Every structure is written in C-alpha cells, then in structure tokens.
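Residue numbers (the working numbering), protein chains in the order written: chain A, 1063 to 1223; chain B, 16 to 565.
Even glycine gets a Cβ: it sits at the ideal position worked out from N, Cα and C.
A quick note: this is a predicted structure, and the numbers were derived from the prediction, not measured.
Below is one structure, written out as structure tokens, with a few remarks after it.
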Amino acid sequence: MPRRLLRDGLIVHDEWFYRAEAQDDPAAALILTLAEWQSGRDAWIARGGRLGVELAPAHRVEQLAADLPLFSLIACSFPGPSEGRGYSQARLLREYWKFSGELRATGHVRSDQLFFMARCGFNSFEMADADLQDAYTALSTFSRAYQPSNDAGLALKLRRR
Amino acid sequence: MYRYDAVDKTLVTERVAQFRDQTRRFLAGELSEDEFRHLRLRNGLYIQRHAPMLRVAIPYGLLSSAQLRALGGIARRYDRGYGHFTTRQNIQYNWPKLEEVPDILAELAKVEMHSIQTSGNCIRNTTSDHLAGVTPDELEDPRPWCELIRQWSTFHPEFTYLPRKFKIAVTGAAQDRAASLVHDVGVHIVRGPGGDLGFEILAGGGLGRTPIIGQVVREFLPREHLLTYLEAVLRVYNLEGRRDNIHKARIKILVRSLGIEEFRRRVEAEWERTRSSGPRVDDAEIARLRSFFNPPAYRRLTDTEPAAGKSTAFRAWYRYNTTAHKVAGYRAVYVSLKKPDVPPGDVTDTQMELLADLADRYSFGEVRVTHTQNLLLADVEQEQTFELWQTLERAGLATPNIGTLTDMICCPGLDFCSLANAGSIDVAKLINERFDDYDYIYDLGELEVKMSGCMNACGHHHVGHIGILGVDKSGEEWYQITIGGAAGADASLGSVIGPSVAKTDVPETIARLLEVYVEQRRPDERFLDTVRRLGVRPFKERAYAAPVAA
C-alpha cells in the first residue's frame, strides 16, 4: 500500500521511496539520507533515476548547495513537535538557493503546523493517514498574513499589501 | 493608539476558531497532552498549580479604556474578580476554566485583543517604554516600530518553533525604562552618523538562571532594514541555538558561547545574503503606523504647581506618583498597584472599570502598563491631578510609593506558579509590614526591590537594586539576596550577599542593608550607587553580623 500524502493541496499517492523501501527497483524515485548521498554520490548519479535527499534538523542547507540541481525533492525532518529548524531550512532553500522542486516536511507533521510550513515553502507533507483530511483545511486556517511567503504553489496571496 | 483594520480583525477571529478547535480536539482525545501543550502555550495558556493561567497580550503595554473595561469584565465573568499585570506589560488570569478559554478569546477579539504568542518558544509580546510619546528625553516614539514588530512577529511562519522563548524590547529615550538590556533583543532608536534615525541592535541579554547583559550586535541599522535584520538574528538563533537542554537554549547562551564578534559575523553574513528577499520596511507602511500615534488633542496650557497649598498626602503622591510630561501643563500619572496588603500587580474587576472611566475623563481614553507592574495615565492635565488623586485614593490606587522600597516587582510565586520554589507575594507582605513608615521610605529615595519565587527570574531579581530569590532548601522556602543590580541604561547584575535566609528573616536582613546605606551614603547618593562605590562587603558584614532575633 503506497503512502498517501498532501502535495500542492491534494491528497495523492507517494511515488517516492526511501532506500529501505525501494527493494531492487532500479528506476524508483529515491529519497536518500545525507550520509547515503555523500558516501556514494557518483554511483547515485550514474543510477539515473530521480533523486531526493532528506535533511535532519542539524544539517545545514549549505551542505547540499552545490548539488541542488541534481535533486527533484528535498525533505526536511521534524523529529518532534518542538522542532523548528526545518522552517529556516525551507526558507533558505526557496529564497536563497532558489530550489524549485518538491520540498517535503517529514516526521512529526500535524495539521496545526501546516500553515507555517507552507508559508516557509514546503509543498508536500508526510502525515498519518488519519490526519490527511484535516490537513487540507489546515492550509487555510488563516486567510491573511503579515509576512511575505514562499507558498506561491498554493496560490495564497495573503499579505497585507 | 493602533486600531485594527480588516486584516488584523480577520486574523484574530480566525485564531479564536483555530484555538477552539484545538481545545475541542484535546478534550476529545485527538491531541496528546504534549501536542496540545505546544499549541496552548503559543496561545498564552499554562496549566498551573490550581487551574490554567491565561496570559493576555497587551502590545507594548498600551490599552484603550474599552480594552481595560473588557479585561475587568473578563475577570468578573471567567475568573475570581481580578487580574495580575506582569513585568512584560501583559495581564494574567489565574483561574480560568480550560473549556471557557475559547470564549474568553472571543471576548478579547471584540476589543482587538488576543493571547497569541504570550508563551511558548516563539517571539513574545514586544515591550517598550511606558512613557513613550510623552517623555521629554525621547528621540522618537518607539510605538510605531513596536507595532511593526508586533505584526511581523505574529504567526511568523519561520520563527514559531524556536529553541526557546524570544523577547524583544524597543526604546527611543535616553533612559531605558523597558529593561532592554536584559531582553533577547533590544532595539534602541538612535541617530546615525549622517543624522538619520535608525536602530542600535543588541542581543543576548536575559535573566533566568544565567543572567547576562545584552551586547551590541550593530551600532547603527538604517530603519528600512529593521525586519530583515531581526530575521537574520532569529535565523542564526533558530538554526544554531541549542535544543538539547532547555536551560541552555536562550539566545544569550549562543551569543556567549560564540562570543559577540563571531555572533555578529554570522548575523551580518546571514543578513547580507538574505536581506534582498526579506520584508523591507516601506515608508508608506511606517507613515500609516505613525499616524496611529499622533499626539492627542492637548489643550494649550502652562505648567502649574498643583501641589502648592494642598495636603501632605497629596503632595507626597504628586511627587512620587506623577512624572514629567513633554507638553506644558500635563503630567503622567502612575496608578500604584503596590498597596501594602495587595499582591503586587493585582487589580480587581471594579478597579479596572473605574480606571477605564478615569482614562476617559482625564487621559484621552488610554492606559498603559509599566514593566514594574503599575499602570499609567499618560496625559493628565496638571490642574486635574488633585481631583484624580481623590478618586484613586478612595479606590486604593494612590499608594504614594512609585520608585520607592515598597514599589516591589514580584512574580506570582508559589501561590500560583507551578515552577516556583518559594512564595513571593507573602514576602512582599512581610516587607510591607516591616517598612510602613513613609518618612523612612522617602528618605531612602530611589530603590528597586525585585523578587522572584524561583531562578526563572520572572520578578527580575538579578537587576533589582535589592534582589530576592526564593530557593527550596529541603522543602523549606529560603531566600537569596543580591544587591547592586540595575535594569536601565547602566544595567548590571546584582551580587549575592551570602547564604540564603529564612522567610521571616528577609525584612530584617533588608533593614540591615539599608542601615549600612543610611550610614555610609553621600549626599544625594542612591542605594545602588552606594553599593557600587563600597562593594558588597560592608553590607554583607552587617547582614550576617548577628542572628536575626525571632
């Protein structure tokens, strides 16, 4: 049963696999850990399939900077409800490094955080299946905002002026 | 003052709906205790010793009479008839019911108030000088900038899950009445090399168990960059601040471990690379915000001497509880919330309603909260102060002690707070019982006594001229005393005088410290300055010279 997630405001089946899930499918779209990527960079490029990488909170976006064009997806993990570094990672990826691929929030992702995550630039969210329905409405908890945002993909233009 | 537009109204209303739903999900078991904790804390709701505690934001301490009246009504309907003003210019209710909190928030929204980000690891209420706009020593009114920061920091998507709480204070005057040097970030309005107004930015100040005075990150920041620079400071902190140990998670620990040079280098580098994509302060928005803080319609008056020929009681009150106003014929009037038999900072529902009426009658319908837990009517005609005093006196709100020994800052302590190790309200009471001779209190002059019931330092004890810290010693309440602290522009941290003392010995110990001061002071020298000149030693020797008689 493939994972379901929220992407660009829609509940969809995930076509991405973590390495442990991918079995031997050579064409699978793969999400690597940063360590996996760094230890086998050339082999992963040679493999040819689409690549993603997951950053832990302590990782710096700069560790990926030179390789960003090689990735179609970057995931930022949120190990617990108080974790907040991923929000800064997302803004840096979108605003400074101009990453335009899929930016995914993983780990402890509940509907109450989605609005903030989306405004920082995340456009996909791995969540428990039971939370997915609520999640869609959580993206529109607030209809206005005081800050500029990176959620153009969701077509939310909330800023005061 | 600032009035909500459609955007502000919409956001606050949507917040009420969001929190109502979160509370429902928690009560229905859909959110765990821990998950709900993170959500309710970002809405000012603590679970305390007896009941939940709800902290309501008062942006930079400014209230309209309608808001104060509403706060009084909430105290009566949802609490036990009173509220408690805090050192961060907010108000706390100690007895709300969890399931009624959404209704309280709805009441608040009607008067353009909320409890957003009054707790939790996010950017808290921005505080400021309670004399903003009326003090003669001001370069520029800081409140439009406070409002800008309030809006920018409200639901900031990137900085809502910081390593720890984050407090910003803004001042625009020579004297620092906002304790900005002990804030995570202090913003000072200053004039730059070219004569333009901009900001000096400080970071890394704070109290708690590791008190540190803030240091200058940037001497002059042109005003259009305020928000991008704050974002750079916060991003460095969000990414690099410690999250493994709650006691080492404030920005002050990061600044101290990196050193101010390296911290500054990182902030500047972050700012350089991201400032172009961040929120610029545009002139139109600043002009709009400034328009809310235009001076009220002052009458053309001349200065008078309202105290001349009046009773001693009024003269004392006028001297201690009123202060200079930049407009001739006006005075700023403190409403003392330090009546000897009332917990410092507490005010009843009917007092709030009365003060709202007095604000309408005497002070253009506005009231301010000071960080020393008093209220202020900022724009009172000097000729009306006598009439105002008579009413305040009858309501128990004219204790003539502002800036003196009994104008103590005091946290709720063991009586309410689940973090506290010891009581503070009862110690304040003991001190009041011991020092009830106003001639003596006035003779001591300016004296700041600050008291916290635990090392979290909500009562700012480190920066009290005399600081009192409650500690737990094998289940008993003891008190550590410091002297020589200060919170203003010359901020310093107090020094511990020696071993902690029993609760009943606190007043006598303070009396002994004051004896040394009275004996050793030079003409016009404050207690603080005598301590700075002599050092702790003579005070310590006297304090512990003989056991305190029971």
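Where residue i falls, given that 16 or more other Cβ within 10 Å makes a residue buried
i: Val1074 of chain A; result: exposed
i: Asp394 of chain B; result: buried
i: Ile1093 of chain A; result: buried
i: Phe554 of chain B; result: buried
i: Glu320 of chain B; result: exposed
i: Arg1181 of chain A; result: buried
i: Val533 of chain B; result: exposed
i: Ile261 of chain B; result: exposed
i: Asp1174 of chain A; result: buried
i: Ile1107 of chain A; result: exposed
i: Phe542 of chain B; result: buried
i: Gly1114 of chain A; result: buried
i: Arg1153 of chain A; result: buried
i: Thr142 of chain B; result: buried
i: Ser1205 of chain A; result: exposed
i: Gly223 of chain B; result: buried
i: Pro359 of chain B; result: buried
i: Asp156 of chain B; result: buried
i: Ser47 of chain B; result: exposed
i: Pro562 of chain B; result: exposed
i: Ala1167 of chain A; result: buried
i: Ser515 of chain B; result: buried
i: Gly1148 of chain A; result: buried
i: Pro172 of chain B; result: buried
i: Tyr349 of chain B; result: buried
i: Ser130 of chain B; result: buried
i: Tyr455 of chain B; result: exposed
i: Arg279 of chain B; result: buried
i: Arg557 of chain B; result: buried
i: Thr387 of chain B; result: buried
i: Phe307 of chain B; result: exposed
i: Arg1081 of chain A; result: exposed
i: Ala328 of chain B; result: exposed
i: Leu42 of chain B; result: exposed
8 Å contact criterion, which residue i and residue j should meet: CB distance rounded
i: Arg271 of chain B; j: Gly219 of chain B; result: 7 Å
i: Leu445 of chain B; j: Val521 of chain B; result: 6 Å
i: Gly213 of chain B; j: Pro237 of chain B; result: 5 Å
i: Ala1091 of chain A; j: Gly1111 of chain A; result: 6 Å
i: Val478 of chain B; j: Leu508 of chain B; result: 7 Å
i: Arg459 of chain B; j: Thr419 of chain B; result: The sequence given here has Leu at residue 459 of chain B, not Arg. Their Cβ separation, rounded to whole angstroms, is 7 Å, which keeps Leu459 of chain B and Thr419 of chain B in contact under 8 Å.
Residue i in three-state terms, based on DSSP
i: His240 of chain B; result: helix
i: Leu42 of chain B; result: helix
i: Gln399 of chain B; result: helix
i: Tyr345 of chain B; result: strand
i: Ile131 of chain B; result: coil
i: Arg1066 of chain A; result: strand
i: Ile252 of chain B; result: It should be pointed out that residue 252 of chain B corresponds to Tyr in this sequence rather than to Ile. Tyr252 of chain B falls in the helix class under three-state DSSP.
i: Tyr61 of chain B; result: strand
i: Leu391 of chain B; result: strand
i: Asp361 of chain B; result: strand
i: Gly1148 of chain A; result: helix
i: Thr317 of chain B; result: coil
i: Ile138 of chain B; result: strand
i: Thr225 of chain B; result: coil
i: Thr1109 of chain A; result: Note that residue 1109 of chain A corresponds to Arg in the displayed sequence, not to Thr. Looking at Arg1109 of chain A - three-state DSSP - the assignment turns out to be helix.
i: Glu540 of chain B; result: coil
i: Glu381 of chain B; result: strand
i: Glu530 of chain B; result: helix
i: Val231 of chain B; result: strand
i: Ile119 of chain B; result: helix
i: Ser1202 of chain A; result: coil
i: Ile89 of chain B; result: helix
i: Ala302 of chain B; result: helix
Residues bridged to residue i [DSSP beta-bridge criterion]
i: Ile567 of chain B; result: With chain B covering only 16 through 565, there is no way to say anything about residue 567 of chain B.
i: Trp1078 of chain A; result: A:Ala1091
i: Ile204 of chain B; result: B:Phe214
i: Cys1182 of chain A; result: Paired residue(s): none; Cys1182 of chain A is not in a bridge.
i: Arg35 of chain B; result: Paired residue(s): none; Arg35 of chain B is not in a bridge.
i: Gly1114 of chain A; result: A:Ile1093 and A:Leu1135
i: Arg1166 of chain A; result: A:Ala1137 and A:Ser1186
i: Ser79 of chain B; result: B:Glu381
For the stretch 418–493 of chain B, list the beta strand (DSSP E) runs that are entirely contained and at least 3 residues long, ordered along the chain. 464–467 and 481–488
Quick check on the DSSP output: what are the complete alpha helix (DSSP H) runs of length 4 or more inside the stretch 158–205 of chain B, in order along the chain? 158–168
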